[in-house]
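Asks:
Numbering (UniProt numbering), first residue to last: 1 to 63.
1. Nearest CA to the CA of residue 36: which residue from 63, 2, 1?
2. Take every Cβ of the region 25–32, pair it with every Cβ of the region 44–57, and state whether three or more of those distances are shorter than 8 Å.
3. Within a Cβ cutoff of 8 Å, which residues of the same chain sit near residue 18, ignoring the five residues on either side of it in sequence?
4. Please work out which residues of its chain come closer than 6 Å, Cβ to Cβ, to residue 16, disregarding the five sequence neighbours upstream and downstream, and give them in chain order.
5. In whole angstroms, what separates the C-alpha of residue 49 from that of residue 40?
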């Protein structure tokens with residue numbers, strides 16, 4: 001969430017920032033997907049079912 005916010009992304013992966021520099025460097029942490037949405041290049045998550053449910057229920061569960 002912190003890195004997304006620093007790069008001007010909302011919870012659904014849509015860029016809402018105002019800086020051209022932010023957008024230019026977006027590919028450091030994110031890949032552009034269809035619909036002008038950005039998704040993380042890597043996600044490290046514990047695969048325990050409870051942890052997965054918590055991630056899906058979080059504000060970034062839509063990514």
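Ideal Cβ placement from N, Cα and C applies to all residues, glycine included. Computed from a prediction, not measured in an experiment: that's the story for all the values here.
Replies: On the basis of the data shown:
1. Reading the chain shown from its first residue, position 36 is the one you call residue 36. Looking at the Cα atoms, 63 is the closest of the given residues.
2. no
3. Residue 18 sits at position 18 when you count from the first residue of the chain shown. If the five residues before and after residue 18 are omitted, its C-beta is found closer than 8 Å to the C-beta atoms of 8, all from its own chain and listed in chain order.
4. Taking the first residue of the chain shown as 1, we reach residue 16 at position 16. The residues are 8, 10.
5. Mapped onto the chain shown, residue 49 falls at position 49. Mapped onto the chain shown, residue 40 falls at position 40. One C-alpha to the other measures close to 21 Å.
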